[in-house]
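Enquirer: My questions will all concern the structure given below.
Residue numbers (our numbering): 52 to 277.
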């Protein structure tokens with residue numbers, strides 16, 4: 052990675068300067084608590100009598116593998132990391148990332164409201180007992196099996212990958228390959244941990260494709276024309 056200097060000195064940030072050109076991009080971060088509330092609403096408050104079960108024959112052929120917990124949890128590092136990096140070194144990429152996130156995550160919430168889904172793929176009993184399965188016992192209790200389609204894990208992973216591919220300092224083929232592999236592993240983890248049906252993964256892809264076109268392909272062309 053080439054050595055870069057931070058674009059902004061956030062030590063100078065004050066709330067009174069939030070509307071200045073130097074710090075106005077930080078207003079995009081308001082979306083995260085808003086999304087948190089919306090997700091809490093559909094998960095814990097807006098409960099319906101009937102959820103559409105997501106399942107296909109391919110799900111039955113995918114084995115449970117607890118070791119995919121590693122990339123599944125790494126998703127949080129993946130997502131937070133690209134926010135911090137772009138905030139420091141490529142503010143325009145941060146703006147594109149947030150536009151992508153706002154479009155796709157909001158669309159997912161709307162889908163959860165109008166087409167509530169669930170999955171019944173989690174193993175009732177683990178064949179092995181180890182640190183990963185012990186963690187998953189508690190995780191399955193904490194994380195509901197509702198509102199699964201499209202997969203937020205898949206959407207977020209591709210958001211990070213696409214952003215990294217268009218960010219200063221991460222343009223090399225090695226970095227693009229690394230981000231691509233990590234995104235694939237995270238997407239795969241959702242089905243190997245039985246957190247999602249493969250249908251949830253497939254449903255996320257057209258949403259991500261549309262967001263990529265609007266934010267990165269079309270958006271970059273518009274910026275170049277200007």
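A virtual CB, placed ideally from N, CA and C, is assigned to each residue, including glycine. These numbers were taken from a predicted model, which means no experiment stands behind them.
Going by the DSSP bridge assignment, what does residue 202 pair with across the sheet?
Expert: Paired residue(s): none; residue 202 is not in a bridge.
Enquirer: DSSP three-state label for residue 218, please.
Expert: coil
Enquirer: Within 10 angstroms of the Cβ of residue 165, are there 16 or more other Cβ atoms? Answer buried if so, exposed if not.
Expert: exposed
Enquirer: Identify, in the order they occur along the chain, each residue of the same chain with its Cβ nearer than 6 Å to the Cβ of residue 113, setting aside the five sequence neighbours on each side.
Expert: 242
Enquirer: Near residue 52, which residues of its chain fall below 8 Å by C-beta distance, leaving aside the five closest residues on each side in sequence?
Expert: With a pLDDT of only 49 at residue 52, under the threshold of 50, the placement of this residue in the model should not be trusted, and no figure is reported.
Enquirer: Given this structure, state the Cα-to-Cα distance separating residue 260 from residue 104, to the nearest angstrom.
Expert: 25 Å
Enquirer: Report, in whole angstroms, the separation of the C-beta atoms of residue 141 and residue 73, which I expect to be a contact under 8 Å.
Expert: Going by Cβ atoms, the distance from residue 141 to residue 73 rounds to 15 Å, so no, they are not a contact pair.
Enquirer: How is residue 269 classed by DSSP in three states: helix, strand or coil?
Expert: In the three-state reduction of the DSSP assignment, residue 269 falls in the helix class.
Enquirer: Tell me which same chain residues have a C-beta within less than 7 Å of the C-beta of residue 198, skipping the five on either side of it?
Expert: 93, 94, 163, 167, 168
Enquirer: Between residue 266 and residue 211, what straight-line distance do the alpha-carbon atoms span, to the nearest angstrom?
Expert: Their Cα atoms are separated by approximately 13 Å.
Enquirer: Going by beta carbon distance, what residues of the same chain come within less than 6 Å of residue 155, once the five residues before and after it are set aside?
Expert: 206, 258, 262
Enquirer: Could you spell out the range, first to last residue, of the alpha helix (DSSP H) harbouring residue 89?
Expert: From DSSP, the alpha helix (DSSP H) with residue 89 extends over 82 to 91.
Enquirer: Alpha carbon to alpha carbon, how far is residue 175 from residue 106?
Expert: 17 Å
Enquirer: Helix, strand or coil: how does DSSP classify residue 71 here?
Expert: coil
Enquirer: Would residue 118 be called buried (16 or more neighbouring beta carbons within 10 Å of its own) or exposed?
Expert: exposed
Enquirer: What separation, rounded to the nearest whole angstrom, lies between the Cα atoms of residue 143 and residue 152?
Expert: 14 Å
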